[in-house]
Amino acid sequence: MTPPGEGDAAAPEIALITSAQGADFRAIAALNVLAWGRPPRRGELEQRAIRLAEEVAALAPAGKGIFLAGGSAAPVGFCRVIRDAAEADHWWLAGIVVHPDHRRQGIGRRLALEGIGYARARGARVIRSETHVDNEASIRFHASLGFASEGEFTAADGDRKIGFRLEREGTLPYFPCDGDAASSKLV
Ligand SMILES: CC(C)(COP(=O)(O)OP(=O)(O)OC[C@H]1O[C@@H](n2cnc3c(N)ncnc32)[C@H](O)[C@@H]1OP(=O)(O)O)[C@@H](O)C(=O)NCCC(=O)NCCS
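First residue of the sequence shown? That's 0 in numbering that gives the first Met the number 0, and the numbers climb one at a time after it.
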């Protein structure tokens with residue numbers, strides 16, 4: 000179990016999903032839609048739940064970690080880290096969301112640190128991430144974790160985004176030690 004956030008005795012547990020049996024993928028799908036401030040489209044939750052279940056069933060722990068905050072039946076946060084396909088010591092923070100009612104309580108930060116610790120324990124030297132240029136909360140969130148901006152670019156889908164990079168070297172404050180993620184509960 001992850002220690003609670005500073006000064007918050009009710010901080011939700013962070014759990015590492017390791018099997019398709021233990022998780023409620025519809026609840027996770029609902030969180031992943033709701034976090035973007037819109038209701039799900041018809042059939043969207045079911046489709047997303049199936050895709051997520053398939054992703055977890057095919058999960059190779061050496062190259063990916065998926066974390067939940069708050070329990071798999073009613074998660075309040077979700078985070079995924081993935082090893083880069085080309086550079087083995089680069090990992091991506093690829094998908095981090097916190098339920099709107101639970102923001103600014105340190106949950107996103109704890110999820111990210113678990114993910115970064117997981118990647119670090121598997122050889123990550125660089126953590127990379129992206130967000131839309133108008134996503135002020137996410138930009139500030141990345142900055143608060145010590146990510147450096149790599150500038151704006153146009154993504155394949157035409158959206159304007161900002162790239163981020165977190166390296167072990169330097170004075171970055173929150174690059175966790177090896178094995179931090181090992182403290183996570185398993186689902
Ligand atoms: C980005 C997101 C995951 C942050 O989750 P969170 O749990 O609220 O973040 P935390 O509470 O851990 O915040 C850590 C720090 O990030 C910064 N931060 C986070 N949200 C912020 C906001 N809305 N405005 C300004 N700073 C913010 C602050 O420095 C904060 O520390 P503080 O609260 O002590 O000031 C959440 O806002 C979210 O789910 N957004 C929608 C999905 C999204 O944009 N995901 C990222 C796409 S890459």
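Yeah, the Cβ is synthetic: ideal placement off N, Cα and C, and Gly gets one too.
Can you round the beta-carbon distance between residue i and residue j to whole angstroms, since I take them to be within the 8 Å contact cut?
i	j	result
Val96	Leu30	6 Å
Val55	Ile65	7 Å
Ile204	Ile161	Because residue 204 is not part of the residues shown, which for the chain are 0 to 186, the question remains open.
Ile106	Ala68	5 Å
Asp88	Ala59	Rounded, the Cβ-Cβ distance is 17 Å, inconsistent with contact.
Ser71	Ala14	7 Å
Gly22	Ile16	Residue identity check: residue 22 is Ala in the sequence provided, not Gly. Right, their Cβ atoms sit about 5 Å apart.
Arg164	Phe140	The pair is not a contact, with the Cβ atoms about 15 Å apart (cut-off 8 Å).
Just verifying my parser: in three-state terms, what is the DSSP assignment at residue i?
i	result
Ile138	helix
Ala19	coil
Phe152	strand
Ala29	helix
Ala9	coil
Quickly, what does DSSP pair residue i with across the bridge? List them, please.
i	result
Leu67	Ala14 and Phe77
Glu166	Val125
Ala147	Arg164
Residue i: buried (16+ other C-beta within 10 angstroms of its C-beta) or exposed?
i	result
Glu86	exposed
Ile27	buried
Trp91	buried
Thr170	At Thr170 the pLDDT is 45, less than 50, meaning the model places this residue with poor confidence; the figure from the coordinates comes in the next sentence. Burial call: exposed.
Phe152	exposed
Val132	exposed
Arg109	buried
Arg159	exposed
Arg79	buried
Ala181	Unreliable placement is indicated for Ala181, whose pLDDT of 42 sits below 50; the coordinate value is still reported in the next sentence. Exposed: under 16 other Cβ atoms inside 10 Å.
At a Cβ threshold of 8 Å, is residue i touching chain D?
i	result
Ala52	Considering every chain present, this structure includes no chain D. It has just one protein chain.
Quick one: complete alpha helix (DSSP H) runs, 4+ long, within the region 85-135?
106-120
Taking only runs of the alpha helix (DSSP H) that begin and end inside the region 34-58, which ones reach a length of at least 4 residues, in chain order?
43-56
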